[in-house]
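Visitor: My questions will all concern the structure given below.
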Amino acid sequence: MNPTTCEDIRERLPDWFHGSLPAEEGRALEEHLAACEGCRDESRLLKALLAARPEVPEGLEAAITARVWEDLERQAPPSRDSEQPGRKVLPLFGARWPGVPAWGLSAAALMVLGLGTGLLWTQRAGMVTPDPVQVVVQDPLPESWLWDDGMVAGAPVFDGLSEEALETLLEELGG
Amino acid sequence: MKDSSANVAAPDADLVSRAQEGDAQAMGSLIARHHASVYRVALGILREEEGARDVAQDTFLKAFRGLEGFRGEASFKTWVLTIAANEARGILRKKGRRKELNLEAAGPVAAPGETAEEALGRSEEAAGVRRLLAELPEKQREAVTLRVFEGLSFREIGALIDSSEGAARVNYHHGIKRLREMLG
């Protein structure tokens with residue numbers, strides 16, 4: 030809607046100075062200014078205010094950019110995508126593990142799960158019977174962290190396994 | 108990471124989407140576009156140039172670290188300015204006082220085609236306007252500077268200074284009226 034009253038015009042003057050007023054509204058505002066001394070006065074005041082806008086220190090943009098870049102590089106390993114000229118892609122969010130395909134992460138997760146299950150099976154089958162007292166003494170974590178199924182806080186427990194059991198696990202890993 | 112020619116016309120929302128995917132050029136464009144406003148908002152609150160520089164840097168660090176969670180409910184500009192204002196207010200709370208800004212510390216810089224005398228005159232006039240602005244009550248000064256210096260809407264100003272859109276509008280008009288009276 031085009032500004033019509035002096036109040037409308039004065040309220041939109043900052044948008045006009047910033048070039049964010051739609052073209053038609055801008056033309057209506059300019060026509061009004063040409064005919065209204067009071068609004069021209071306010072326009073001059075805003076122009077003087079804009080001229081008094083504090084200067085931005087030289088080099089600030091470069092300093093911000095450098096710090097942001099440094100921070101992002103520190104957060105994640107270098108990306109192969111970042112070698113592409115023209116469009117640099119930072120190792121951020123989706124590109125966090127660029128050297129590892131998505132299926133690789135899933136496979137690793139499945140392997141850990143399989144390892145834990147295998148360990149549980151060997152323990153329950155009587156192949157490994159760690160002394161519970163010894164486990165508690167050796168493990169700095171409180172007893173309540175050690176679950177009956179051989180897991181500590183969701184991860185398989187390897188402490189106390191015999192050489193034979195460890196070799197079985199290594200075979201499962203293909204090592 | 109300058110605002111490359113391809114990015115000049117790109118809306119902030121597009122740049123934010125690309126930045127969320129890790130596009131460094133898009134991040135650079137967002138910095139180029141908004142660092143001055145971020146710095147001035149921090150300066151307006153802290154009234155201390157070095158602190159405002161630090162706040163400007165910390166603001167963009169926080170913004171890009173948290174960009175994954177940015178949903179675009181407010182504009183990117185309002186979002187980073189809010190981060191800057193909160194950072195600056197946090198520093199003020201820690202310090203418990205305000206330092207005086209030496210507004211005249213930076214000497215006048217002649218614009219192209221301008222003589223040294225003209226530059227001095229312009230600088231003195233600007234310093235005079237800043238002194239008048241500094242005399243306004245805080246809310247009025249914030250509303251005037253955010254509206255005139257940064258071109259924010261009253262709704263955005265309200266969000267930034269923790270007041271309603273209507274209160275931001277009233278503060279702006281009172282501030283302008285007072286400045287007009289002070290200028291005679």
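Just so you know, the sequences run in chain order A and B.
Each residue of the first sequence is one higher than the one before, starting from 30 at the first, in my numbering.
Each residue of the second sequence is one higher than the one before, starting from 108 at the first, in my numbering.
Just so you know, even glycine gets a beta-carbon here, dropped at the ideal spot from N, CA and C.
Bear in mind that the values here come from a model prediction, so they are computed numbers and not experimental data.
1. Does DSSP put Asp130 (chain B) in a helix, in a strand, or in coil?
2. Between Gln163 (chain A) and chain B, is the shortest Cβ-Cβ distance under 8 Å, so that the two count as touching?
3. Residues of chain B with a CB under 8 Å from the CB of Glu87 (chain A): which are they?
4. Within its chain, find whatever has a CB closer than 6 Å to the CB of Tyr146 (chain B); leave out the 5 residues flanking it on each side and keep chain order.
5. Starting from the beta carbon of Leu243 (chain B), find every residue of chain A whose beta carbon is closer than 7 Å, and list them in chain order.
6. Which residue comes first and which comes last in the alpha helix (DSSP H) that contains Thr185 (chain B)?
7. Can you check whether the CB of Met134 (chain B) is closer than 8 Å to the CB of Ala143 (chain B)?
8. Under 7 Å from any heavy atom of the ligand MN, does the C-beta of Ser260 (chain B) make it?
9. Determine the closest residue to Gln104 (chain A) out of B:Pro118, B:Tyr279, B:Ile190 and B:Gly129, with distance taken between C-alpha atoms.
10. Pro83 (chain A): buried (16+ other C-beta within 10 angstroms of its C-beta) or exposed?
11. Compute the Euclidean distance between the alpha carbons of Ile138 (chain B) and Leu122 (chain B), then round it to the nearest angstrom.
12. By DSSP, does Phe177 (chain B) sit in helix, in strand, or in coil?
13. Near Glu288 (chain B), what residues of its chain come up, given a Cβ to Cβ distance below 6 Å and the 5 sequence neighbours on each side ignored?
14. Taking only beta-carbon atoms, is His281 (chain B) less than 8 Å away from chain A?
15. Taking only three categories from DSSP, how would you classify Ser260 (chain B)?
16. What do you get for Arg73 (chain A), buried or exposed, if any count of 16 or more other CB atoms within 10 angstroms of its CB means buried?
17. Give a yes or no on whether the C-beta atoms belonging to Ala149 (chain B) and Ala191 (chain B) are separated by under 8 Å.
18. Cβ atoms of Arg237 (chain B) and Ala81 (chain A): under 8 Å apart, would you say?
19. Locate the alpha helix (DSSP H) running through Asp161 (chain B), then write down its first and last residues.
20. Taking just the CA atoms, how far does Pro244 (chain B) sit from Ile268 (chain B)?
21. In terms of residue numbering, what span does the alpha helix (DSSP H) encompassing Ile38 (chain A) cover?
22. For chain B, check one thing: does any of its Cβ atoms lie closer than 8 Å to the Cβ of Val129 (chain A)?
23. Nearest to Asn278 (chain B) by alpha carbon, out of B:Asp165, B:Gly235 and B:Ile264?
24. If you drop the 5 nearest sequence neighbours on each side, which residues of the same chain put their C-beta closer than 6 Å to that of Gln247 (chain B)?
25. What number of angstroms, rounded off, separates the C-alpha of Phe171 (chain B) from the C-alpha of Leu259 (chain B)?
26. Alpha carbon to alpha carbon, how far is Asp100 (chain A) from Leu50 (chain A)? Give it in angstroms, no decimals.
27. What's the gap between the Cα of Glu60 (chain A) and the Cα of Arg200 (chain B)?
28. Counting along the chain, where does the alpha helix (DSSP H) carrying Asn31 (chain A) start and finish?
29. Please report the straight-line C-alpha distance between Thr166 (chain B) and Arg56 (chain A), rounded to a whole angstrom.
30. Helix, strand or coil for His272 (chain B) per DSSP?
31. Following the continuous alpha helix (DSSP H) through Leu89 (chain A), name the residue where it begins and the one where it ends.
32. For Ala95 (chain A), which of B:Gly173, B:Leu168, B:Glu175 and B:Phe177 has the nearest alpha-carbon?
33. Give a yes or no on whether 8 Å exceeds the smallest Cβ distance from Phe171 (chain B) to chain A.
34. For Leu42 (chain A), which residues in the same chain have their Cβ closer than 7 Å to its Cβ, ignoring the five residues on either side in sequence?
35. For Leu78 (chain A), which three-state DSSP category applies?
36. With a threshold of 6 Å on Cβ separation, who are the neighbours of Thr252 (chain B) within its own chain once the five nearest residues in sequence on each side are excluded?
Guide: The short version:
1. Within the second sequence, the letter at position 23 stands for residue 130 (chain B). Asp130 (chain B): strand per DSSP, three-state reduction.
2. Counting from 1 along the first sequence, the entry for residue 163 (chain A) is found at position 134. Interpretation of Gln163 (chain A) is limited by its pLDDT of 41, a score under 50 that renders its predicted location unreliable; no figure is taken from the coordinates.
3. The residue given as residue 87 (chain A) occupies position 58 in the first sequence. Residues of chain B passing the Cβ test: none, with the nearest at roughly 10 Å.
4. Residue 146 (chain B) sits at position 39 when you count from the first residue of the second sequence. Excluding residues within five positions, the ones whose Cβ falls inside 6 Å are Ala159 and Ala163.
5. Taking the first residue of the second sequence as position 1, residue 243 (chain B) is located at position 136. The contacting residues do not exist; Leu243 (chain B) stays about 11 Å from chain A at best.
6. Here residue 185 (chain B) refers to the residue found at position 78 of the second sequence. Residues Phe183 to Lys202.
7. Indexing the second sequence from 1 puts residue 143 (chain B) at position 36. Indexing the second sequence from 1 puts residue 134 (chain B) at position 27. No, Cβ-Cβ distance for Ala143 (chain B) and Met134 (chain B) is not below 8 Å.
8. Summarising the ligand content, the structure contains no ligands, and the ligand MN is consequently not present.
9. As a position in the first sequence, residue 104 (chain A) is number 75, starting the count at 1. The shortest C-alpha separation from Gln104 (chain A) is found at B:Gly129.
10. Looking up residue 83 (chain A) in the first sequence gives position 54. Buried, because 16 or more other Cβ atoms sit within 10 Å of the Cβ of Pro83 (chain A).
11. Within the second sequence, the letter at position 31 stands for residue 138 (chain B). Within the second sequence, the letter at position 15 stands for residue 122 (chain B). C-alpha separation (whole angstroms): 11 Å.
12. The residue given as residue 177 (chain B) occupies position 70 in the second sequence. The answer is coil: DSSP assigns Phe177 (chain B) none of H, G, I, E or B.
13. The residue labelled residue 288 (chain B) in the question sits at position 181 within the second sequence. Counting only Cβ-Cβ distances below 6 Å, and skipping sequence neighbours, we find nothing.
14. Translated into positions along the second sequence, residue 281 (chain B) becomes position 174. By this cut-off, His281 (chain B) is not an interface position.
15. Within the second sequence, numbered from 1, the residue matching residue 260 (chain B) stands at position 153. Of the three classes helix, strand and coil, the one that applies to Ser260 (chain B) here is coil, per DSSP.
16. Along the first sequence, read from residue 1 onward, the residue named residue 73 (chain A) stands at position 44. Classification for Arg73 (chain A): exposed.
17. In the second sequence, residue 149 (chain B) corresponds to position 42, counting from 1. In the second sequence, residue 191 (chain B) corresponds to position 84, counting from 1. In this structure, Ala191 (chain B) lies closer than 8 Å to Ala149 (chain B) by Cβ.
18. By 1-based counting over the first sequence, the position of residue 81 (chain A) is 52. By 1-based counting over the second sequence, the position of residue 237 (chain B) is 130. Taking 8 Å as the Cβ cut-off, Ala81 (chain A) and Arg237 (chain B) qualify as a contacting pair.
19. Position 54 of the second sequence, counted from the first residue, corresponds to residue 161 (chain B). Here the alpha helix (DSSP H) through Asp161 (chain B) covers Glu156 to Arg172.
20. Numbered from its first residue, the second sequence carries residue 268 (chain B) at position 161. Numbered from its first residue, the second sequence carries residue 244 (chain B) at position 137. Cα to Cα, the separation comes out at about 13 Å.
21. Position 9 of the first sequence, counted from the first residue, corresponds to residue 38 (chain A). Its alpha helix (DSSP H) spans residues Cys35 to Phe46.
22. Reading the first sequence from its first residue, position 100 is the one you call residue 129 (chain A). Low confidence applies here, because Val129 (chain A) scores a pLDDT of 40, under 50, leaving its location unreliable and the question unanswered by this model.
23. In the second sequence, the residue the question calls residue 278 (chain B) occupies position 171. Of B:Asp165, B:Gly235 and B:Ile264, the residue nearest in Cα terms is B:Ile264.
24. Start at 1 with the first residue of the second sequence, and residue 247 (chain B) comes out as number 140. Excluding sequence neighbours, Gln247 (chain B) sits near Asn278, His281 and Gly282.
25. As a first step, residue 171 (chain B) is located in the second sequence; it is residue number 64 there, counting from the start. As a first step, residue 259 (chain B) is located in the second sequence; it is residue number 152 there, counting from the start. Each residue's Cα considered, the two are about 22 Å apart.
26. By one-based count along the first sequence, residue 50 (chain A) stands at place 21. By one-based count along the first sequence, residue 100 (chain A) stands at place 71. Each residue's alpha carbon lies about 38 Å from the other.
27. On the first sequence, residue 60 (chain A) is found 31 positions in, with the first residue counted as 1. On the second sequence, residue 200 (chain B) is found 93 positions in, with the first residue counted as 1. Cα to Cα, the separation comes out at about 48 Å.
28. Here residue 31 (chain A) is taken as the residue at index 2 of the first sequence, counted from 1. Run containing Asn31 (chain A): none; DSSP gives neither H nor E here.
29. Reading the second sequence from its first residue, position 59 is the one you call residue 166 (chain B). Reading the first sequence from its first residue, position 27 is the one you call residue 56 (chain A). When rounded, the distance between both Cα atoms is 37 Å.
30. Along the second sequence, one-based indexing puts residue 272 (chain B) at 165. Position check: residue 272 (chain B) holds Glu in this sequence, whereas His was assumed. DSSP places Glu272 (chain B) in helix when its eight states are reduced to three.
31. Numbered from 1 along the first sequence, position 60 holds the residue referred to as residue 89 (chain A). Counting along the chain, the alpha helix (DSSP H) containing Leu89 (chain A) begins and ends at Leu89 to Gln104.
32. Residue 95 (chain A) sits at position 66 when you count from the first residue of the first sequence. Comparing Cα positions, the closest option is B:Leu168.
33. Position 64 of the second sequence, counted from the start, is the residue given in the question as residue 171 (chain B). Yes, contact with chain A.
34. Taking the first sequence and counting its residues from 1, one reaches residue 42 (chain A) at position 13. Within the same chain, Leu42 (chain A) has close Cβ partners Glu71, Ser72 and Leu75.
35. Indexing the first sequence from 1 puts residue 78 (chain A) at position 49. Note: Leu78 (chain A) maps to helix in three-state DSSP.
36. One-based indexing of the second sequence puts residue 252 (chain B) at position 145. The residues are Gly151.
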